[in-house]
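Undergrad: One structure, as structure tokens, below. Some questions next.
There are 2 protein chains.
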Amino acid sequence: MPITKRPDFSDFKKKALQNQEVKKEYEALEPLFKIKKQLIVARLSKGLTQDDIAKKIGTSKTNISRLESPNNSYMPNLATLMKYADALGMKLNIGLT
Amino acid sequence: MPITKRPDFSDFKKKALQNQEVKKEYEALEPLFKIKKQLIVARLSKGLTQDDIAKKIGTSKTNISRLESPNNSYMPNLATLMKYADALGMKLNIGLT
DNA sequence: AAATATAGTATCATATTTGATAACTTTTGT
DNA sequence: ACAAAAGTTATCAAATATGATACTATATTT
Chain V
1 MPITKRPDFS DFKKKALQNQ EVKKEYEALE PLFKIKKQLI VARLSKGLTQ
51 DDIAKKIGTS KTNISRLESP NNSYMPNLAT LMKYADALGM KLNIGLT
Chain Y
101 MPITKRPDFS DFKKKALQNQ EVKKEYEALE PLFKIKKQLI VARLSKGLTQ
151 DDIAKKIGTS KTNISRLESP NNSYMPNLAT LMKYADALGM KLNIGLT
């Protein structure tokens, strides 16, 4: 029966800090993840593939995949987002709250 | 008394086309101009200068001026807009309509 | 099971945006 | 009238996003 180290307060604190940092980082990027999700939802609800969007915009599906992916933190510019919205027959709406 | 050329239909058509192109171009960039205006309005309503914002973000006022200006068509990325919103103590809100 | 469609990742070239700075103009305060 | 503050424009370097392509993984169809 191996002897395991008993977790102490410093371990708990360290872990809590990491979670807070991850959470803070995620929250800082919330607008990015939000619009990515909306693009995907809209595309799927219209029954379109990434390739369909790519063709309408005049780019490659791989670039659409990159744009949609939450697994990177490229910060798309407005032109890119506006083109995608246009390809959906929709409009980009940006504001401050 | 100088003789002036009488406008004919082709002149009218040409002018109308130019106006439509200008209008179309403006409309295409509407989301850009809209957020620029909102940033300016919010900044002024909080009594902040471009330099105040620049300091909070960690850039120069000239870059803020460029960002705010409707006299260019640079397409800011989300990081830039999010930083400005944060400097205002506000949040960027992006969606599709 | 094989073929096809769809989506995802990596890489490098190219284009675009932001950083940094100087010079200038306009506005505001005294 | 003058100085300071605020804003604008231009330029070039650095950073970052997009274009273009090859390849892989996953899902769907045959």
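Chains V and Y are the protein sequences, given in the same order.
Here this note's numbering is used: position 33 in the first sequence is 33, and no number is missing along the way.
Just so we're on the same page, this note's numbering is the position in the second sequence counted from 1, plus 100.
Ideal Cβ placement from N, Cα and C applies to all residues, glycine included.
What residues are listed by DSSP as bridge partners for residue 77 of chain V?
TA: Y:177.
Undergrad: Taking 8 angstroms as the threshold, find out whether the region 44-54 of chain V comes into contact with the region 181-191 of chain Y through three or more Cβ pairs.
TA: As far as the Cβ criterion goes, the region 44-54 of chain V does not touch the region 181-191 of chain Y, which means the pair count is below three.
Undergrad: What does residue 31 of chain V touch in chain Y if you count any residue whose Cβ is under 9 angstroms from its own?
TA: 178, 181, 182, 185, 191, 192, 193, 194, listed in chain order.
Undergrad: Determine, using beta carbons only, whether residue 169 of chain Y and residue 150 of chain Y come nearer to each other than 8 angstroms.
TA: Not a contact, by the Cβ cut-off of 8 angstroms.
Undergrad: Does the beta carbon of residue 54 of chain V sit closer than 8 angstroms to a beta carbon anywhere in chain Y?
TA: Not closer than 8 angstroms to any Cβ of chain Y, the Cβ of residue 54 of chain V fails to qualify, so no.
Undergrad: If I measure Cβ to Cβ from residue 61 of chain V and keep anything under 6 angstroms in the same chain, skipping five residues before and after, which residues do I get?
TA: Excluding positions up to five away in sequence, the list reads 50, 51, 54.
Undergrad: What three-state label does DSSP hand residue 103 of chain Y in the structure shown?
TA: Here residue 103 of chain Y scores only 40 on pLDDT, less than 50, and its place in the model should not be relied on; the value that follows carries that caveat. Coil.
Undergrad: Mapping DSSP to helix, strand and coil, what is residue 63 of chain V?
TA: Three-state result, residue 63 of chain V: helix.
Undergrad: Interface residues of chain V around residue 135 of chain Y at Cβ under 9 angstroms?
TA: Going along chain V in sequence order, the residues near residue 135 of chain Y (Cβ under 9 angstroms) are 78, 94, 95, 96.
Undergrad: Which residue or residues does DSSP assign as beta-bridge partners of residue 196 of chain Y?
TA: Partner(s): V:92.
Undergrad: Please report how far the alpha carbon of residue 184 of chain Y lies from the alpha carbon of residue 178 of chain Y, in whole angstroms.
TA: In a straight line, the C-alpha of residue 184 of chain Y is about 10 angstroms away from that of residue 178 of chain Y.
Undergrad: May I ask which residues mark the beginning and end of the alpha helix (DSSP H) holding residue 129 of chain Y?
TA: No alpha helix (DSSP H) holds residue 129 of chain Y; DSSP gives it neither H nor E.
Undergrad: Of the residues V:81, V:96, V:95, which one's Cα is nearest the Cα of residue 38 of chain V?
TA: Closest by alpha carbon: V:81.
Undergrad: I want to verify the contact list: residues of chain V whose CB lies under 9 angstroms from the CB of residue 50 of chain Y, in sequence order.
TA: Coverage of chain Y is limited to positions 101 through 197, which leaves residue 50 of chain Y absent and any answer about it impossible.
Undergrad: Please state whether DSSP places residue 48 of chain V in a helix, a strand or coil.
TA: Reduced to three states, the DSSP call for residue 48 of chain V is coil.
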